[in-house]
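Undergrad: Mapping to the numbering used here: the sequence shown position 487 is 489, numbers consecutive. Beta carbons: idealized from backbone N, C-alpha and C, even for Gly. This structure is a prediction, so every number in the text was calculated from the model and none was measured.
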Amino acid sequence: MSRLQNLTSLVKAVPNLANFPIAQVKPVLDLLKTSLNFQQLQQFNPQQTLGSFLKESPHLGSLSMSSLPLQNYPLKSIPNLEKTPLGTLDKWQAAKISDVPGLKDVPLSKLPGGISPVGTSVGTVDIVFGTKEQNRARTMSGSDVEGFGVPCQKECAHVEFSGSELVRGRQWVSGKYQTVKGGRGILGKVNGGKEPTGRLPFGPAFKVAVWDVSETQGRFTTALFLRFCSRSAFVDLGCTPYYLGPIPWLAYEEKFSDVFLGSVDAVSPSAGGASTPTHAASPSTQKRDGSSTGTDSGNSDTSVAGASKSDTSVAGASKSDTSVAGTSKSDTSRVGTSNSDTSRASNSDTSRASNSDTSRASNSDTPANSSGVGAPYQGISLDALGSSMQGIEGNFNSVGTHTCDGTGNCGSGLGAYGLMSYRPDVRFAISSRPGGSEVLSKLDKGEAVTPDRLSEVFPSEAQKEVFEAIAKRSIDSALSQTDPQTSQPFSGQRAIERIGQMQYGGPAIPVDSPASDIRGYYSVFGYGKKVAESYQSFSKVR
Numbered sequence: 003m004s005r006l007q008n009l010t011s012l013v014k015a016v017p018n019l020a021n022f023p024i025a026q027v028k029p030v031l032d033l034l035k036t037s038l039n040f041q042q043l044q045q046f047n048p049q050q051t052l053g054s055f056l057k058e059s060p061h062l063g064s065l066s067m068s069s070l071p072l073q074n075y076p077l078k079s080i081p082n083l084e085k086t087p088l089g090t091l092d093k094w095q096a097a098k099i100s101d102v103p104g105l106k107d108v109p110l111s112k113l114p115g116g117i118s119p120v121g122t123s124v125g126t127v128d129i130v131f132g133t134k135e136q137n138r139a140r141t142m143s144g145s146d147v148e149g150f151g152v153p154c155q156k157e158c159a160h161v162e163f164s165g166s167e168l169v170r171g172r173q174w175v176s177g178k179y180q181t182v183k184g185g186r187g188i189l190g191k192v193n194g195g196k197e198p199t200g201r202l203p204f205g206p207a208f209k210v211a212v213w214d215v216s217e218t219q220g221r222f223t224t225a226l227f228l229r230f231c232s233r234s235a236f237v238d239l240g241c242t243p244y245y246l247g248p249i250p251w252l253a254y255e256e257k258f259s260d261v262f263l264g265s266v267d268a269v270s271p272s273a274g275g276a277s278t279p280t281h282a283a284s285p286s287t288q289k290r291d292g293s294s295t296g297t298d299s300g301n302s303d304t305s306v307a308g309a310s311k312s313d314t315s316v317a318g319a320s321k322s323d324t325s326v327a328g329t330s331k332s333d334t335s336r337v338g339t340s341n342s343d344t345s346r347a348s349n350s351d352t353s354r355a356s357n358s359d360t361s362r363a364s365n366s367d368t369p370a371n372s373s374g375v376g377a378p379y380q381g382i383s384l385d386a387l388g389s390s391m392q393g394i395e396g397n398f399n400s401v402g403t404h405t406c407d408g409t410g411n412c413g414s415g416l417g418a419y420g421l422m423s424y425r426p427d428v429r430f431a432i433s434s435r436p437g438g439s440e441v442l443s444k445l446d447k448g449e450a451v452t453p454d455r456l457s458e459v460f461p462s463e464a465q466k467e468v469f470e471a472i473a474k475r476s477i478d479s480a481l482s483q484t485d486p487q488t489s490q491p492f493s494g495q496r497a498i499e500r501i502g503q504m505q506y507g508g509p510a511i512p513v514d515s516p517a518s519d520i521r522g523y524y525s526v527f528g529y530g531k532k533v534a535e536s537y538q539s540f541s542k543v544r
């Protein structure tokens with residue numbers, strides 16, 4: 003939840019937080035240290051109360067907590083946060099289940115409405131199939147709207163059971179890869195009226211979905227999904243689909259596991275036709291005979307079944323990850339949003355549009371296949387990463403198109419890494435050079451700055467130093483995140499993709515976001531792919 007807050011909203015929501023010295027609120031202290039410019043840092047007093055600080059500098063109240071790796075801070079690092087009611091926090095409706103500490107650990111008996119097993123059917127896991135399966139009609143999964151026998155036509159990852167005649171040979175299709183209609187009333191339109199296909203073996207309190215499946219290992223996991231209902235004496239708004247999740251639940255294996263299925267009816271036609279594929283990437287790309295099935299589509303794990311990306315929103319949230327472009331989310335100003343960290347609305351036509359090897363090779367500061375950035379960090383080659391970025395962005399003397407982000411920061415992308423001229427670290431590096439302040443003034447006004455002049459005040463070594471600091475923060479953050487495609491920490495090529503996404507869209511950009519910059523040359527997802535591909539090439543030649 004804290005990641006959705008800025009300083010102003012956090013102080014308003016958390017009891018008595020305004021009266022604490024900034025030094026006692028470690029996340030806020032770290033945020034200010036990384037956000038203030040050199041002059042502001044000289045005047046900064048960490049013993050000043052947070053409320054007094056914001057009163058003197060109200061414009062800094064918009065600084066977003068999302069630029070910090072909040073997973074590295076304990077809950078108590080923000081005094082009284084554990085006592086703060088969820089509803090008082092700004093944008094609480096847009097929170098993911100995982101953002102609410104302890105929610106996934108709530109006992110089933112404490113869930114709204116309680117639980118009560120429905121039916122008595124139990125099946126033994128017979129065999130697990132991956133996403134290459136098609137045309138499955140004897141299903142036992144669906145929804146309370148379409149019935150629990152919704153057929154699947156494509157990408158039909160599923161589990162088949164042995165047991166009674168009602169269960170034997172029936173397929174429970176994975177809700178990670180298939181959605182069905184759900185919900186009712188006005189709230190039934192939330193999430194496009196879609197929810198993961200699954201079952202209600204414990205009544206309406208929550209839905210159970212088969213989730214990750216491994217055909218090669220003969221295993222699968224299940225997940226729980228919740229919904230939100232609103233009814234009063236005067237109006238019944240209905241219920242959202244079961245789309246709040248996934249909350250990890252139980253794992254099963256072939257031949258050894260019995261699964262409670264609830265009430266299983268005979269196969270009957272679905273009320274709404276076949277289920278809808280989510281095109282989520284499958285972690286398993288091999289069949290049982292060992293032959294490769296190829297890779298699935300590049301889409302991310304659709305954690306909220308039916309949602310366009312993996313951001314799991316709480317009932318009432320109106321935004322999905324595809325709405326990033328043009329929103330006020332922090333640190334994503336390269337895609338038209340609100341903060342300046344690694345933000346870059348566009349670059350020069352010669353560097354971004356052409357994306358040519360000749361433009362990179364023409365730079366005299368460094369060989370075409372080497373960025374000259376430092377030693378590996380956390381197992382990631384900063385040199386290869388820098389070369390990958392340079393190959394996309396252009397020369398060390400490139401000056402991009404003047405543009406403004408969503409909060410009024412205006413400037414140009416500079417050099418081989420597209421570093422925005424309004425970044426505090428960039429401004430400090432330039433202003434420390436003779437004539438640098440004059441160049442910054444021109445950049446602020448959108449006036450022309452020649453490549454030679456840029457090289458004088460922002461030489462390649464200064465660019466590399468700034469880039470390396472940003473890259474290390476991106477690496478730390480990316481490696482601490484969970485890849486929605488595998489439900490494991492980012493690693494390998496996917497880690498490089500995520501780092502590239504964060505370099506392009508900022509540290510708060512959603513994983514695999516389809517949002518693009520103002521020129522539309524790359525989406526966040528596409529940019530990460532490009533960086534990863536280039537990274538592999540540069541790594542091989544070293």
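(1) Are T280 and Y379 close, meaning C-beta to C-beta below 8 Å?
(2) Alpha carbon to alpha carbon, what distance is there between I382 and M504?
(3) Measuring CB atoms only, is the segment 118-129 touching the segment 160-176, in the sense that at least three cross pairs come out at less than 8 Å?
(4) Please work out which residues of its chain come closer than 7 Å, Cβ to Cβ, to L52, disregarding the five sequence neighbours upstream and downstream, and give them in chain order.
(5) Give every residue of the same chain whose Cβ lies closer than 7 Å to the Cβ of I477, excluding the five residues on either side of it in the sequence, and list them in chain order.
(6) Determine the burial state of T452: buried for a count of at least 16 other Cβ atoms within 10 Å of its Cβ, exposed for fewer.
(7) Excluding sequence positions up to five away, which residues of its chain have a Cβ less than 8 Å from the Cβ of E1?
(8) Just to confirm the assignment, what range does the alpha helix (DSSP H) spanning A471 have?
(9) Grouping DSSP H, G and I as helix and E and B as strand, with all else coil, what is S234?
(10) Could you check if A276 is buried or exposed, using at least 16 other CB atoms within 10 Å of its CB as the buried criterion?
(11) Go ahead and pull the three-state DSSP assignment for F163.
(12) Among the candidates H160, P243, F236, whose CA atom is the shortest distance from the CA of T224?
(13) Any idea what DSSP makes of Q219, helix, strand or coil?
(14) Can you check whether the CB of V192 is closer than 8 Å to the CB of R200?
(15) What residues match up with I24 in a beta bridge as DSSP calls it?
(16) Under 8 Å, do G391 and V533 count as touching if we go by C-beta distance?
(17) Hey, would you say D267 sits closer than 8 Å to F150, going by beta carbons?
(18) Provide the residue(s) that pair with M67 in DSSP beta bridges, ordered along the chain.
(19) With DSSP as the reference, label L168 as helix, strand or coil.
(20) On the three-pair Cβ rule with 8 Å, is the segment 477-497 touching the segment 438-452?
(21) Give me the residue from C231, C241, L226 with the minimum Cα distance to P248.
(22) Name the two residues that bound the continuous beta strand (DSSP E) containing I129.
(23) So E499 is in the alpha helix (DSSP H); what residue range does that whole segment cover?
(24) Please list the terminal residues of the continuous alpha helix (DSSP H) segment that includes Q392.
(25) Under a Cβ-count criterion, where at least 16 other Cβ atoms within 10 Å of its own Cβ denotes burial, should K209 be classed as buried or exposed?
(26) Short check: CB of G437 to CB of V401, under 8 Å?
(27) Under DSSP, the beta strand (DSSP E) around T181 begins and ends at which residues?
(28) How many Å lie between L189 and L246 at the Cα?
(29) According to DSSP, simplified to helix, strand and coil, what is I80?
(30) Measure the C-alpha to C-alpha separation of G185 and S11 and round it to an integer number of angstroms.
(31) With DSSP as the reference, label Q490 as helix, strand or coil.
(32) What does the Cβ neighbour count give for A480, buried or exposed, with the cut at 16 atoms within 10 Å?
(33) How about G247: is its Cβ closer than 7 Å to a heavy atom in the ligand FMN?
(34) Run through DSSP, which three-state label would Q50 get?
(35) Can you tell me which of the three DSSP states K311 falls into?
(36) Any idea what DSSP makes of A268, helix, strand or coil?
TA: Straight from the coordinates:
(1) no
(2) 15 Å
(3) yes
(4) V13, L19, A20, F22, I24, V27, V30
(5) Y379, Q380, I382, I501
(6) exposed
(7) Nothing about residue 1 can be read from this structure; the chain reaches only from 3 to 544.
(8) 462-481
(9) coil
(10) buried
(11) strand
(12) H160
(13) coil
(14) Note that residue 200 corresponds to Gly in the displayed sequence, not to Arg. The answer is no: Cβ separation not under 8 Å.
(15) None, per the DSSP bridge assignment.
(16) With the sequence shown as reference, residue 391 is identified as Met, and Gly is not the correct amino acid for it. Contact flag set, yes.
(17) yes
(18) DSSP, once it has assigned bridges, lists no residue as partnering M67.
(19) coil
(20) no
(21) L226
(22) 123-131
(23) 494-507
(24) 384-395
(25) buried
(26) no
(27) 180-183
(28) 13 Å
(29) coil
(30) 32 Å
(31) strand
(32) buried
(33) Absence of the ligand FMN is noted for the structure shown, with no ligands found whatsoever.
(34) coil
(35) Interpretation of K311 is limited by its pLDDT of 34, a score under 50 that renders its predicted location unreliable; the figure taken from the coordinates is listed afterwards. It is coil, neither helix nor strand.
(36) coil
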